[in-house]
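Reviewing the structure listed below.
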Amino acid sequence: MNMLRTNITLCTLAAVMFFSLFGCGQKESKERPRKLLMWLIGSESQAKVVQSIGAEFFKDKGVAFRCEAISWGDTHTKYLTSIAGDVVPDIGTMGLTWGTEFGNLGAMVDLSKQFPSDLKSIKEMTFPGLSESIDYGGKVYGIPFDMSLQIMFYRNDIIPRPPATWKKMVDLLRTLKTQEKGMIFDWGSMSWIGYAPYLWQAGGDFYNNEGTKPALDSEEAVEALEFFASLYTGLGVPKTSIPLEQGMRTGDFPLAISGSWKIDSLRVSAPEIMGKWSIALLPAGPTGKQTAFVGGRTIGIFNKSKNIDIAWEFIKFLFTPDIQVRLYEAAREAQDSYLPSNMFAWDILPMEPEFKKILKLQAQDAKGPPSVLGWDENTRFIENAIQKVILQGLDAKQALSKAVMEIEAYAKR
């Protein structure tokens, strides 16, 4: 009964908060229809869903809304070109760190300045790791549209209990190796994304707290890279790419680190092992943390838009729990699954309780990429260091020290 009351209270609170968000800006417009263009990174099917939601939202508001799908592959260049040519959309979805980059170019609306009260409410409803990745010195150029979460997959008929710590994972991998089985990184193999959780779990980070200086030459960063590399060099993690679906289906790789979207992919691609696999939190590092990497898309407004206020009303609408769930369900149908970034949406999310519990717990201990200028360019220096340690046997401290020097040199260009 107490649990029921708690759930009712939470839902009531959520409703009140969202009612306050939508208290204004809803008057019907009798003026000439305004045009509002949104670019959505993703599939045509996702764009059609957003188009349908937009048609409902903008009905009788005097707005002609259009949502266009753009692919991940050329999106960053497309945005930079559009910014340079002053032909930007009103609204755009983008990678977590792109808002910081585009905002620094003067192209995005600073939501913390334009809509401070709304933004505060939204932040309280957002998973903390996502909020950190979009905050650039107090400036915010977009809010999380959705998220993708790093998680551990395992064959529960081969591994009865998933490893809870680094040590237990090492012990398990040694045992699996004697059985000619092992673990794969389906998301983040030999890359900064794969290295990131170990860095955070060891107590390190990519940059200092202020985001002004790389911190990869710390003892914690070195310890994390040495551990990450040892998984490849001593514990049988393959250096070549092996899909999660293949490794789990055959049982050759009954342990894997991958993305949350692979839950649906595994269901479809390997129905013969349904019930024989599950997910778990990442193993805890020396600090006791189980921090995972979280990615996803943000959504923001370009400052060339002539309809900033109504664009913001629509973005808030897309962030409401019901719409977040609707977007999630549509993405699942297209096997292009993203998770809701609004914590309240999880209360009504149609997902197996076992998976929902693990994913929500992991999302509460997850971090995204740092909100610093030049991050996308600097990842190549970090990945060079990682791969030289794994593939060439370079000393981890030496490799990371070089990466720090390269990042600092790039910042001075």
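The opening residue of the sequence shown carries number -5 in the working numbering; numbering runs sequentially from there.
Glycine included, each C-beta is placed from N, C-alpha and C at the ideal position.
A quick note: this is a predicted structure, and the numbers were derived from the prediction, not measured.
Tell me which residues share the same chain as residue i and place their Cβ nearer than 7 Å to its Cβ, disregarding the 5 neighbours each side in the sequence.
i, result
"residue 93", "102, 128, 135, 136, 292 and 294"
"residue 90", "127, 128, 289, 290, 292, 362 and 363"
"residue 398", "208, 210 and 211"
"residue 474", "Since the first and last residues shown for the chain are -5 and 407, residue 474 lies out of range."
"residue 171", "229 and 230"
"residue 20", "Only weak support exists for where residue 20 lies, its pLDDT of 44 falling under 50; the coordinates are left without a value."
Report all residues from its chain with a CB closer than 8 Å to the CB of residue i; omit the five preceding and five following residues, and keep chain order.
i, result
"residue 166", "153, 157 and 249"
"residue 62", "31, 32, 33, 34, 41 and 83"
"residue 324", "39, 40 and 43"
"residue 340", "334, 350 and 354"
"residue 45", "59, 60 and 61"
Restricting to Cα atoms, I'd like to know which of the options is closest to residue i.
i, options, result
"residue 372", "404, 359 and 306", "404"
"residue 198", "211, 215, 67 and 272", "215"
"residue 376", "99, 75, 201 and 36", "201"
"residue 453", "245, 130 and 192", "Because residue 453 is not part of the residues shown, which for the chain are -5 to 407, the question remains open."
"residue 148", "243, 42 and 382", "243"
"residue 318", "327, 307, 305 and 332", "332"
"residue 59", "125, 77, 34 and 69", "34"
"residue 343", "352, 322 and 359", "322"
"residue 234", "381, 120 and 348", "381"
"residue 262", "326, 296 and 120", "326"
"residue 132", "109, 76 and 219", "109"
"residue 105", "324, 296, 391 and 320", "296"
"residue 100", "307, 298 and 311", "298"
"residue 251", "169, 192, 45 and 47", "192"
"residue 123", "358, 56 and 213", "358"
"residue 368", "206, 37, 391 and 169", "206"
"residue 189", "168, 160, 219 and 115", "219"
"residue 65", "46, 36 and 391", "36"
Mind checking whether residue i and residue j have CB atoms under 9 Å apart?
i, j, result
"residue 181", "residue 285", "no"
"residue 257", "residue 273", "yes"
"residue 84", "residue 378", "no"
"residue 226", "residue 184", "yes"
"residue 67", "residue 32", "no"
"residue 125", "residue 254", "no"
"residue 407", "residue 43", "no"
"residue 162", "residue 334", "no"
"residue 119", "residue 336", "yes"
"residue 311", "residue 51", "yes"
"residue 70", "residue 370", "yes"
Can you tell me the Cα-Cα spacing of residue i and residue j, whole angstroms?
i, j, result
"residue 221", "residue 112", "42 Å"
"residue 187", "residue 27", "44 Å"
"residue 107", "residue 400", "34 Å"
"residue 79", "residue 228", "51 Å"
"residue 395", "residue 389", "10 Å"
"residue 223", "residue 279", "15 Å"
"residue 315", "residue 241", "35 Å"
"residue 247", "residue 164", "15 Å"
"residue 266", "residue 76", "47 Å"
"residue 73", "residue 95", "11 Å"
"residue 245", "residue 173", "11 Å"
"residue 345", "residue 313", "19 Å"
"residue 117", "residue 155", "35 Å"
"residue 360", "residue 309", "24 Å"
"residue 121", "residue 352", "14 Å"
"residue 348", "residue 306", "35 Å"
"residue 48", "residue 264", "36 Å"
"residue 270", "residue 57", "50 Å"
"residue 114", "residue 139", "16 Å"
"residue 168", "residue 374", "31 Å"
"residue 275", "residue 81", "43 Å"
"residue 146", "residue 391", "28 Å"
By a C-beta neighbour count over all protein chains shown, 10 Å radius and 16 as the cutoff for buried, is residue i buried or exposed?
i, result
"residue 355", "exposed"
"residue 29", "exposed"
"residue 387", "exposed"
"residue 402", "exposed"
"residue 365", "buried"
"residue 281", "exposed"
"residue 393", "buried"
"residue 151", "exposed"
"residue -5", "Since pLDDT at residue -5 reaches only 38, below the 50 mark, its modelled position is unreliable, and the value read off the structure follows with that caveat. Result: exposed."
"residue 409", "Here the chain comprises residues numbered -5 to 407, so residue 409 is not present and cannot be evaluated."
In chain order, what residues of the same chain have a beta carbon less than 6 Å from the beta carbon of residue i, not counting five sequence neighbours either side?
i, result
"residue 283", "195"
"residue 384", "184, 223 and 226"
"residue 144", "286 and 287"
"residue 97", "135"
"residue 160", "277 and 279"
Using a Cβ cut-off of 9 Å (strictly closer), state whether residue i contacts chain C.
i, result
"residue 66", "Any reference to chain C falls outside this structure, which holds one protein chain only."
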